[in-house]
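Take any residue in the sequence shown, note its place counting from 1, add 243, and you have its number in the working numbering.
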Amino acid sequence: MRTPAPRARELRRQGALAVLRQVHARPEVTRAELARTLGLSSGSATEITARLKALRLVDEIGAPPTGGRGRPSPALTAHPEGPLVCAVDIGHERWRLATVELGGGLLDESSGRHRDRDSGAVLTVIRRRIAEASHTHGARLRAVSVAVAGTVQGTRIVQASTMRWRDVALDDLCPDPSVPLLVGNDASLAGLAEAMRGAGTGVRALLHLTVEVGVGGVLVMDGRMMTGATGAGGEFGHLPFGDPRRQCPCGAYGCWDLEVDGRAMARALGRPAPHDPRADAEAVLAEAASGDPASRAAVGTAATALGRGVAGLVNALDPALVTLSGLGRDLIETAPDELGSAYLGGLMSFRHDDPPPLLASTLRGDGTIIGAAEVGFDAILTDDGLESWSTAVAGP
Ligand SMILES: [Zn+2]
Numbered sequence: 244m245r246t247p248a249p250r251a252r253e254l255r256r257q258g259a260l261a262v263l264r265q266v267h268a269r270p271e272v273t274r275a276e277l278a279r280t281l282g283l284s285s286g287s288a289t290e291i292t293a294r295l296k297a298l299r300l301v302d303e304i305g306a307p308p309t310g311g312r313g314r315p316s317p318a319l320t321a322h323p324e325g326p327l328v329c330a331v332d333i334g335h336e337r338w339r340l341a342t343v344e345l346g347g348g349l350l351d352e353s354s355g356r357h358r359d360r361d362s363g364a365v366l367t368v369i370r371r372r373i374a375e376a377s378h379t380h381g382a383r384l385r386a387v388s389v390a391v392a393g394t395v396q397g398t399r400i401v402q403a404s405t406m407r408w409r410d411v412a413l414d415d416l417c418p419d420p421s422v423p424l425l426v427g428n429d430a431s432l433a434g435l436a437e438a439m440r441g442a443g444t445g446v447r448a449l450l451h452l453t454v455e456v457g458v459g460g461v462l463v464m465d466g467r468m469m470t471g472a473t474g475a476g477g478e479f480g481h482l483p484f485g486d487p488r489r490q491c492p493c494g495a496y497g498c499w500d501l502e503v504d505g506r507a508m509a510r511a512l513g514r515p516a517p518h519d520p521r522a523d524a525e526a527v528l529a530e531a532a533s534g535d536p537a538s539r540a541a542v543g544t545a546a547t548a549l550g551r552g553v554a555g556l557v558n559a560l561d562p563a564l565v566t567l568s569g570l571g572r573d574l575i576e577t578a579p580d581e582l583g584s585a586y587l588g589g590l591m592s593f594r595h596d597d598p599p600p601l602l603a604s605t606l607r608g609d610g611t612i613i614g615a616a617e618v619g620f621d622a623i624l625t626d627d628g629l630e631s632w633s634t635a636v637a638g639p
């Protein structure tokens, strides 16, 4: 058989990439839907999926009968021997790791609590777990993507105030230097996941905020995180929406962070600063739910501060939708009136007729790990990524 001309080869590769990206974005999409979405003939869709199957990238599963004439179109899904991303979430108190397949399905997961919040101790545990995943999955593991509760530039954590980390390099986390290592902020990655697979799916401009210890987030435009020149953007919690006399662990005064979480609730209740603000916030929410008026008021104070700040961000960034996860989700459920009236009160009047809705995240605790995996698959679903996978599967 003649070798295809370069132009034809290029078109075939583009077709294969487009199909792969569709299967990743819409797991179990049928071959007929795929052909319609991408404007492919039925013959081309069949030919491309056959090649992707041979390359162990996608698999076909029988579709339910359509009830109409003709054979039902098979659904496309991740190949059981296909590429994987090792996604890691390093939080304030805990870590979590999962291998993730095409389409975002989480496979083997593990998690634990930091015994010691020292960066060396935490990263030793993570390094060992990544090495185990690498050993188990071999060449199937195509990227390691790490989410951290801190400010990230490239593969460095420049500041993680609540864990007291400064300038921590993550370059040596992966045992195989040929596997790309990607690092991002946890709240930003949760926002990306929300835009790709959660409450913000299909929304052009999504503002996502995660409240855990403090608040972070991201504006996601057309599926891209707006994280600035170095990747360190999205530190919304360090906007000076708080009391200018109060110093934040980040070094600045008056940060919004200090007004919306367990630290704010403890102050409102006249309690000492909590060691674990997230766990304390949970306890105050439970006290509020059982009817304790002082706890109810403390929750309302945090919800009000959250609502006012969200209004400021909406005035500045003009999102179509705002999603909230973590404690933000709890505040929507527990104190909707305080949150809603502070939000509306802070909006410019032209927005009052049609304010962007505030919705609870639908991905709950999985957003960060799913977002980390998305960034990993962005690196795999490229010309180079496909080339290198083909070589790994079929040999050079
Ligand atoms: Zn701060």
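The beta carbon of each residue, even a glycine, is placed where N, CA and C say it ideally should be.
A quick note: this is a predicted structure, and the numbers were derived from the prediction, not measured.
| Item | Value |
| --- | --- |
| Under 8 Å by Cβ, that's how I've got H335 and T405 pegged, so tell me the actual separation to the nearest angstrom. | 5 Å |
| Using a 10 Å radius around the Cβ and a threshold of 16 neighbouring Cβ atoms, would you call M591 buried or exposed? | exposed |
| Should H481 be counted as a contact of ligand 1 given a C-beta to heavy atom distance under 7 Å? | yes |
| Nearest to S316 by CA position, among V343, D621, R279, is which residue? | R279 |
| What's the gap between the Cα of V389 and the Cα of A616? | 9 Å |
| Taking the alpha helix (DSSP H) that R572 belongs to, which residues open and close that run? | 570-577 |
| Pull up the DSSP beta-bridge partners for W632, would you. | Answer is none; W632 lacks a bridge partner. |
| Taking DSSP's pairing of strands, which residues face I304 in a bridge? | A318 |
| If we require 3 or more residues per run, which beta strand (DSSP E) segments fall completely within the stretch 450-529? | 457-464 |
| Compare the C-alpha of L620 against each of G258, A297, A321, E290 and name the closest. | In the sequence as presented, Leu is not what sits at residue 620; that position holds Phe. Ranking G258, A297, A321, E290 by Cα distance to F620 puts A321 first. |
| What's the C-alpha gap between T625 and G477? | 26 Å |
| In three-state terms, what does DSSP make of M244? | Since pLDDT at M244 reaches only 49, below the 50 mark, its modelled position is unreliable, and no value is offered. |
| Just to check my reading of the structure: P323 and S377 have Cβ atoms closer than 8 Å, yes? What is that Cβ distance to the nearest angstrom? | Contact flag wrong, Cβ pair sits at about 19 Å. |
| Regarding D500 and ligand 1, is the C-beta to nearest heavy atom distance less than 7 Å? | yes |
| Taking the beta carbon of E352 as the centre, do at least 16 other beta carbons fall within 10 Å, making it buried, or is it exposed? | exposed |
| Can you name, in chain order, every residue of its own chain whose Cβ lies under 6 Å from the Cβ of V365, other than the five neighbours on each side? | H357 |
| Which residue's Cα is closest to the Cα of P579: L564, A548, I613, F593? | A548 |
| Could you please give me the residues that DSSP links to Q396 through a beta bridge? | R399 |
| Measure the alpha-carbon distance for G474 versus V565 and round it to whole angstroms. | 21 Å |
| Does the beta-carbon of A495, which I'm using as the reference point, lie nearer than 7 Å to any heavy atom of ligand 1? | yes |
| Take V343 and list the residues in its own chain whose beta-carbon comes closer than 6 Å to its own, dropping the five residues that flank it on each side. | V328, A330, L349, A616 |
| Are the Cβ atoms of L432 and R370 separated by less than 8 Å? | no |
| Got a sec? Which residues, its chain only, sit under 7 Å from G610 by beta carbon, not counting five neighbours each side? | A433, A436, E437, G441, S568, S604 |
| Closest to L450 by CA distance: which of A318, A268, A559, G608 is it? | A559 |
| Tell me whether C417 counts as near ligand 1, meaning its Cβ is closer than 7 Å to at least one heavy atom of that ligand. | no |
| By a C-beta neighbour count over all protein chains shown, 10 Å radius and 16 as the cutoff for buried, is P420 buried or exposed? | exposed |
| Going by C-alpha distance, which of L413, A554, G534 is nearest T577? | G534 |
| Beta carbon of C329: closer than 7 Å to some heavy atom of ligand 1? | no |
| Is D361 helix, strand or coil when you go by DSSP? | coil |
| So what's E276 in DSSP terms, helix, strand or just coil? | helix |
| Please say whether V461 and A495 have beta carbons closer to each other than 8 Å? | no |
| Return yes when the Cβ of A635 is within less than 8 Å of the Cβ of A341, no when it is not. | no |
| For the alpha helix (DSSP H) that contains R294, what are its first and last residues? | 285-297 |
| Would you kindly work out how many angstroms separate the C-alpha atoms of M244 and V391, rounded to a whole number? | Residue placement at M244 is flagged as unreliable, the pLDDT there being 49, under the threshold of 50; a coordinate-derived value is accordingly withheld. |
| Do G513 and R551 come within 8 Å of each other at the CB atom, strictly closer than that value? | no |
| Can you tell me whether E521 is buried or exposed? The criterion is at least 16 other CB atoms within 10 Å of its CB, across all chains shown. | Per the sequence shown, the amino acid found at residue 521 is Arg instead of Glu. Burial call: buried. |
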